[in-house]
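Here the structure comes first, spelled out in structure tokens, and everything after it is commentary.
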Amino acid sequence: CRHGLAVMACPQTLVIPAVYVDGCSGQFRANTDRFGWKGWDGSVIEEDGLAVKAVQWRDGKIRILLTGGDLLAFDGFDPDHFDTLWLHFRTYYKVVIKRVKKGTLTGEAVDDAWGWLEEQADLVDAAPAGSAMKKARELDLLGCADDCRRLLQEALAGDKATLGELFAGDRIGCLRLVLDTVRTDHCDTEERWRQLREACAAVEDLLQGLGACPPWKPKEGVQSESIMKRHALVGAR
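Counting in the working numbering, the sequence shown runs from 187 upward without gaps.
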């Protein structure tokens, strides 16, 4: 059971209206094997439920990372939909939806946001330059960037000791590495990307003032393979 409550029956089919993808309204649908979305403009998304790698919920929006690397975003869910979706994904797709709350500045929240940014940056790098795929993936990257920017700005507005504890070392080093190495077509002209870079630089400046921002390099076996590859790329330049 969950939260100490009796386990409720899990419906085999979900149909949730007024869910948005890229600003278009449609229906979110899920059964025991597959999930997807059908827009009122005729566009369709359909995926295998067992291809879900991770799911994140924040304020009525879910991001679904697939094992093949694609990242899907659905917006417009009501708060009451969380438990229904949580139970469905856990029961049929064997994945637990992770809830991220605004105003929750914790190490876990930072690591989660950084992880999604890193995953999406890898997808952007893998897409051909100038392609529609790269453009779509960059839009998802900007959404991840906005989450990271919010956490940095929240830290900047708070206690500087807490900022030092949260961001010194690996966290700010990994973020800077991703920002400096991801290959985008259009992000540099986007306001959300600029704001994230500015917030990252502001945190680095404060850490320097605290004496908590020495030269950094990732540690083998601690950081992800993606971060190690990005560091090697910088070293080869």
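The C-beta atom is built at its ideal place from N, Cα and C for all residues, glycine as well.
Cβ-Cβ distance between residue i and residue j below 8 Å
| i | j | result |
| --- | --- | --- |
| residue 299 | residue 334 | yes |
| residue 341 | residue 382 | no |
| residue 202 | residue 268 | no |
| residue 355 | residue 402 | yes |
| residue 375 | residue 419 | no |
Rounded C-alpha distance that separates residue i from residue j
| i | j | result |
| --- | --- | --- |
| residue 212 | residue 223 | 7 Å |
| residue 412 | residue 372 | 22 Å |
| residue 350 | residue 279 | 39 Å |
| residue 385 | residue 210 | 31 Å |
| residue 309 | residue 417 | 17 Å |
| residue 404 | residue 414 | 7 Å |
| residue 326 | residue 251 | 11 Å |
| residue 407 | residue 314 | 30 Å |
| residue 189 | residue 286 | The pLDDT assigned to residue 189 is 42, lower than 50, so where the model puts this residue is not dependable, and the model offers no usable value. |
| residue 348 | residue 216 | 42 Å |
| residue 276 | residue 249 | 15 Å |
| residue 378 | residue 232 | 29 Å |
| residue 200 | residue 214 | 8 Å |
| residue 244 | residue 283 | 10 Å |
Nearest-angstrom Cβ-Cβ length linking residue i and residue j, presumed shorter than 8 Å
| i | j | result |
| --- | --- | --- |
| residue 257 | residue 306 | 6 Å |
| residue 261 | residue 206 | 5 Å |
| residue 426 | residue 394 | This structure does not reach residue 426, given that the chain is present from 187 up to 423, and the question cannot be answered. |
| residue 281 | residue 240 | 7 Å |
Residue i - containing alpha helix (DSSP H), residue span
| i | result |
| --- | --- |
| residue 378 | 377-395 |
| residue 321 | 318-342 |
| residue 357 | 356-367 |
| residue 406 | Note, residue 406: premise wrong, no alpha helix (DSSP H); not H, not E. |
Boundaries of the beta strand (DSSP E) in which residue i is found, first to last residue
| i | result |
| --- | --- |
| residue 224 | 220-225 |
| residue 212 | 210-216 |
| residue 204 | 200-207 |
Residue i beta carbon near the ligand GTP (any heavy atom closer than 7 Å)
| i | result |
| --- | --- |
| residue 197 | For the ligand GTP, the structure offers nothing, since it holds no ligand at all. |
message = Could you tell me which whole alpha helix (DSSP H) segments of length 4 or greater appear in the stretch 243-291?
response = 267-278
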